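Start counting the sequence shown at 12; every next residue gets the next number (the working numbering).
Quick reminder that beta carbons are idealized off the backbone N, C-alpha and C, glycines included.
Keep in mind it's a predicted model, so treat the numbers as computed, not measured.
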Amino acid sequence: MAQETQAKHRPGALKQQNKSHKHGRHRTKGELDREFHGRVNESAKSMTKKFKAAEKRTVRRNQANQVRKQKRDAILEKKRQRGGQRTPPHFVVVVGLSGSADCSAVVEALSKTISNTDGGVVTTNEQGIVHASIARFRQRVAFYIPPAENLRSVLDAAKVADSLLFVTSPEHVIDEPGDFCLKCLMSQGVMSAVYVCQGLNDLPPKKAADARKTMLKELDRRFSVPENKIHSLDSEQDAMLVLRKLTEGKVKPVHFREVRPHIIAESISFEAESAEAEKGTLKVSGYLRGTDLSADRLLHIVGWGTYQMAQVDSATDPHPLVLQKQRAGKASSMETEEEVRVLAKPDPEKQLSLVCEAEVDPMQDEQTWPTAEELAEADASAQKEKKKKQKGVSDYQASWMFDSDFEEDEDDEDEDDEDKGEEMEAESDEDSWASCSEGDDSQSVTMTETDIGDTKYDAHFDLEAEQKLLKQRKEEREHIMFPDEVETPFDVPARERFARYRGLESFRTSPWDKDEDLPAEYQRIYRLGDIRRLKKNILKSELTNSVTMGQYITLHIKGVPKAFMECYTPGSPLVLFGLLPCEQLMSVVHFVVKRDANCRDPIKGKTRLTFQVGFRRFSACPVFSSHNKGDKHKMERFLHHEDMCVASVYAPVTFGPCPVLVFKTDSMGEEELVAAGSLLSTDPDRIVLKRLILSGDMFKMHSKKSTVRFMFFNREDIEWFKKIELRTKWRRRGRILEPVGTHGHMKCHFNGQARSQDVVMMYLYKRAYPKWTYQPEQPTQIAQVTDEEERGQAYEMFD
C-alpha cells in the first residue's frame, strides 16, 4: 500500500500579512545591557545632533557679536587718539580746487564760529597753523593752508593730514590746476575728505540747486562724492556741521603712516656747531603722531634726507584743550610750570647707522688687474671713441656717454648710427632753412608785426625738445607695429653683435640662473630675503629708548646742513617720518604703476622720472617690465597706455604697502603726472629679460621645408644660432637644418606647410638691469646737470 503524502496549506494572494513591530532606530534596553555590561557614559545626558547644531549656532552668533564689538571699539579708540587732551590735534589741510576759492575765508569763518562758542580758543603758531580748542566737542583741531602754487607742499601736508577740506565755488567748480592737484592727492591716499562750496546762499534757490548739481556732476566724473558731503559756510550752524563732520567723520587708514611715527613741524630752530661749521643741530617741535618713536632709529626729513637724532625732549604743549573758559588761565599756568626734560637719548651701540650701501670688496672679483692685451685693447678703443666724440662734449662726459665695455650694450651702436643719420638730415634741413632766412634778410631789413610775434613765440619754444619728442613718438609707433623686431647688421657679424643674447625653448618654463653675470652695482646693494617676514618681525619687536605717541616733543636732529635755514621757506610744511630698521639700505625696488590717461607723450625706458614713494621722493631712470606671475618678466621699451607695468630702480628699501606717484619734468621745469600705482616688492632676484626678434623672409618653399634669407648674411652666423628654435607669424615652429651657400641663406624645417607671405622669426633674450641713477630730492633746483644725471641720460635704450 502506497504511503500517503500529507498536503500543506499554502496561503493565497488574499492572505493578510501583518506588519512587524517597529521599535525605532534605537536599541532596546536589553541590547544596551548586553553590549555595555553595566558601564555608564561620562556625561549623564548624551547630546543629540539637534542639540549640538543649536549650540554651534549660538557659538557662531556670540563670536560674530564679539568681532563686531572689537571692530567698534577699535574705531572708537582711533577717534579718541585724535583731538583729545593727551592726543594730537585733528590736523586738517585746506585745499582750494579753483582759483576763485578763498581758503583763508573758510578758515576765518570756522575760527570765528569756534571763538563764539562757550570755551572756544583759537591761536596761530609761527608756521601758519591755526589751532582751535572746541569745548563743546571736547576736541582740538588744527587748520593749515599749504601754498597753492607748490604741489609738493600740498602733497607733503596731506601725508600727515587727518582730513582734507576741499573748497570750491559755484562760478568755477574745479579748474585745471585743481584737477591735477586733486588727482595727485587721491592717488597718494586721503584719510577723509569734506567739501565746502562758498557763496551758495548768495544765489537764488533755483540757481543754488543747479550749482550744487553741477558741482556734484563735475566731482563725480573724477570720483564718487556723496551729496551730503557738500556743505556751505554761510551761517554758524553750517560751520558747526562742518566741524562735526571733520572731527567725528569716518577716517580711512593710510598704512604707510599708521606704522611709522611722523611729525608736522610747529616750531623750528637751528644751532650750528661752530661759526665755520657747515653742519649743526636742527630742533623741531611738534605733536608725535602715528606710533611711538625710538631715538635709536633714523629720522627722514621729507625733501632733505635721512639723519640721526641726538635726543628727544618733552616740550610744553602750546595749544592745550581748554574745557571751560574760567579754567583757561589756570590750565595755561599749569602748562607753563612744567619743566622741559629729556625723554630719550640714543644708545651708541644700538643706534642705526646712516650707511646705505654695502661695502664693495674688490678681492671678490674674478680678475683684480687687467692684462697687457686688455690694456692695449682699451687704449685702442679709447682712441676710437675719442674720434667719435660729439661737438661740445667734454672728455669727462664723453667717458660716460661712450663707455660701452660694461655699462652699455654693443647693440646700441646701430641706434647711434641711426641717430646720427637723423641728426644729419635735421641739420641739413636747418642749414637750408637758415640759408633761406639769410637770403630773406639780405633782401629786406625791416620786420613786420607778424615777424615780431613769431619771434616772441619762438622765444618760448624749445626746438630740441620738440625734435626729441617727435623721435620718441616715431619709435613708440614703430614698437607698437613691430614689437622687439630688429634688423641684423650687414657689416657686423651677428654672433658678435648679439653675443650676450641666448635663445629659450620656453619663456615660461625654461630655467634662468638669477646669480649669473650680475653687474657691479649688485655689490653695493643689500639682499634682505623674505621682505614680508622681515617687516612682520620688525613691527613685533619692542622699541628701545622710545617716546609715547601723542606728546608734544622737541627733536634734536644732528648733522643737518647749514644751508637748511637758508633754503627753507617759512610757512611751508616740514614733515618728518621715523624710519623702520633697514629702510635706509639700498636695494632693487619694484613699483607696479599704470600710466595716466592724460599723459600723451611717450615714456621711454630709462628716462629720468621723479618718484614719490610714500614719504620719500627721489629721481631715477627706471626699467619697465611686464606684470605677471611668472619667474621671468619681459622688458618693455615704453610705458604702456592701458596695461599695468612694473618699474624697477635702485632705491632705499621701503616696506609696503605704499602709494607711488611718478612725475616727469619737462624742459620748462613743470611737472606732469606720468603714472600712479603702489609698491610691489624689494627683490634683487627678479629676472627681467630683454627680447630681440631677428626676422627673415621665405625664399623657396617645398612642403614643410623652406629656404630663408635676410636673417643672417654669412655662413658662420647660421652655424652659431643653429640650435635656436624658429617661429613664424602664422604660428609655425621650426629649426635650422643647414646653411645654403655663403650669403646667409639657410634651409629650415617647419611643423606645417609654410606660406610665401609668412615671416620667420628668432627670439633672443638677455637679462636687463636698471642703471645706478638714484638721486634723492634736493632742496634747491640746480641748473647744471650732475654727473650721475648725465650718465643716466646717456644710456639710451636699444630700439
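Cα-Cα separation between residue i and residue j, rounded to whole angstroms
{"i": "Met251", "j": "Thr124", "result": "7 Å"}
{"i": "Gln483", "j": "Lys615", "result": "7 Å"}
{"i": "Asp427", "j": "Leu365", "result": "Low per-residue confidence applies at Asp427: pLDDT is 44, beneath 50, and the placement is therefore not dependable enough to give any value."}
{"i": "Ala204", "j": "Met197", "result": "10 Å"}
{"i": "Asp810", "j": "Ile704", "result": "Caution applies to Asp810, whose pLDDT of 39 falls short of 50 and renders its modelled position unreliable; the value that the coordinates give is listed next. Their backbone Cα atoms lie some 11 Å apart in a straight line."}
{"i": "Pro188", "j": "Cys610", "result": "15 Å"}
{"i": "Leu299", "j": "Ala355", "result": "14 Å"}
{"i": "Gln248", "j": "Lys256", "result": "12 Å"}
{"i": "Met858", "j": "Pro494", "result": "Nothing about residue 858 can be reported from this structure: the residues present for the chain run from 12 to 810 only."}
{"i": "Ser109", "j": "Leu193", "result": "11 Å"}
{"i": "Leu672", "j": "Cys195", "result": "8 Å"}
{"i": "His311", "j": "Ala159", "result": "24 Å"}
{"i": "Glu269", "j": "Thr565", "result": "21 Å"}
{"i": "Phe191", "j": "Leu684", "result": "8 Å"}
{"i": "Ser689", "j": "Arg766", "result": "46 Å"}
{"i": "Lys67", "j": "His651", "result": "53 Å"}
{"i": "His20", "j": "His48", "result": "45 Å"}
{"i": "Lys80", "j": "Ala321", "result": "43 Å"}
Beta-carbon contacts of residue i that lie in its chain and below 6 Å, excluding the five residues immediately before and after
{"i": "Lys733", "result": "Ile747"}
Residues bridged to residue i [DSSP beta-bridge criterion]
{"i": "Met757", "result": "Val719, Pro750"}
{"i": "Lys194", "result": "Partner(s): none; Lys194 has no beta bridge."}
{"i": "Tyr155", "result": "Val104"}
{"i": "Arg513", "result": "Tyr776"}
{"i": "Cys656", "result": "Val604, Ser637"}
{"i": "Lys290", "result": "Pro572"}
{"i": "Val201", "result": "Answer by DSSP bridge pairing: none, since Val201 is not bridged."}
{"i": "Ser280", "result": "Lys294"}
{"i": "Leu705", "result": "Val497, Met773"}
{"i": "Pro3", "result": "Absent from the model: residue 3. The displayed extent of the chain is 12 to 810, so no value can be given."}
{"i": "Leu620", "result": "Ala631"}
{"i": "Asp324", "result": "Val353, Thr565"}
{"i": "Phe674", "result": "Thr621, Leu684"}
Residues near residue i in its chain [Cβ-Cβ closer than 8 Å; skip 5 each side]
{"i": "Arg744", "result": "Glu736, Leu737, Arg738, Phe761, Asn762"}
{"i": "Ala222", "result": "Pro181, Cys208, Leu211, Leu214"}
{"i": "Val118", "result": "Val105, Val141, Phe154, Ile156"}
{"i": "Gly23", "result": "none"}
{"i": "Gly514", "result": "Phe732, Lys734, Ile735, Glu736, Met773, Tyr774, Leu775, Tyr776"}
{"i": "Glu229", "result": "Val184, Ile185"}
Coarse secondary structure for residue i, derived from DSSP in three states
{"i": "Phe575", "result": "helix"}
{"i": "Tyr776", "result": "strand"}
{"i": "Gln795", "result": "In this predicted model, Gln795 has a pLDDT of only 36, less than 50, meaning its place in the structure is not dependable; the value taken from the coordinates is given anyway. Coil."}
{"i": "His266", "result": "helix"}
{"i": "Phe413", "result": "Unreliable placement is indicated for Phe413, whose pLDDT of 37 sits below 50; no coordinate value is reported for it."}
{"i": "Asp307", "result": "coil"}
{"i": "Ala505", "result": "helix"}
{"i": "Cys367", "result": "coil"}
{"i": "Ser557", "result": "strand"}
{"i": "Ala686", "result": "strand"}
{"i": "Val743", "result": "Contrary to the premise, residue 743 reads as Arg rather than Val in this sequence. Arg743 falls in the coil class under three-state DSSP."}
{"i": "Tyr563", "result": "strand"}
{"i": "Gln27", "result": "coil"}
{"i": "Ala172", "result": "coil"}
{"i": "Val811", "result": "Given a span of 12 to 810 for the chain in the structure shown, any question on residue 811 remains unanswerable."}
{"i": "Gly589", "result": "strand"}
{"i": "Phe47", "result": "helix"}
{"i": "Gln138", "result": "coil"}
{"i": "Met712", "result": "strand"}
Contact set for residue i: own chain, Cβ-Cβ below 7 Å, skip 5 residues either direction
{"i": "Val265", "result": "Gly200, Met202"}
{"i": "Lys645", "result": "Ser636, Ser637, Leu700, Arg702"}
{"i": "Thr2", "result": "No information on residue 2 is available, as it lies outside the stretch 12 to 810 that the chain covers here."}
{"i": "Gln562", "result": "Leu299, Ser325"}
{"i": "Lys546", "result": "Phe666"}
{"i": "Val371", "result": "Gln534, Arg535"}
Contact with chain D by residue i, beta-carbon distance below 7 Å
{"i": "Lys194", "result": "Absent here is chain D; the protein component of the structure consists of one chain."}
Residue i beta carbon near the ligand GDP (any heavy atom closer than 6 Å)
{"i": "Gln534", "result": "Although the ligand GDP was asked about, the structure shown includes no ligands whatsoever."}
Quiz item: Just checking, does the stretch 680-693 make contact with the stretch 727-737 on the three C-beta pairs under 8 Å criterion?
Solution: The stretch 680-693 is not in contact with the stretch 727-737.
Quiz item: Does the stretch 164-183 come within contact of the stretch 112-124, defined as at least 3 CB pairs closer than 8 Å?
Solution: These segments touch.
Exercise. State whether the stretch 273-282 contacts the stretch 296-304, with contact taken as three or more CB pairs (one from each stretch) at a distance under 8 Å.
Key: In this structure the stretch 273-282 touches the stretch 296-304; the number of beta carbon pairs closer than 8 Å is three or more.
Quiz item: Is the stretch 705-724 touching the stretch 519-534, taking contact as three or more C-beta pairs under 8 Å?
Solution: A contact between stretches requires three or more CB pairs, one per stretch, nearer than 8 Å, and the stretch 705-724 fails this requirement with the stretch 519-534.
Exercise. Examine the Cβ distances between the stretch 566-577 and the stretch 648-662 and report whether three or more of them are shorter than 8 Å.
Key: The stretch 566-577, when compared against the stretch 648-662, does not touch it at the 8 Å Cβ threshold.
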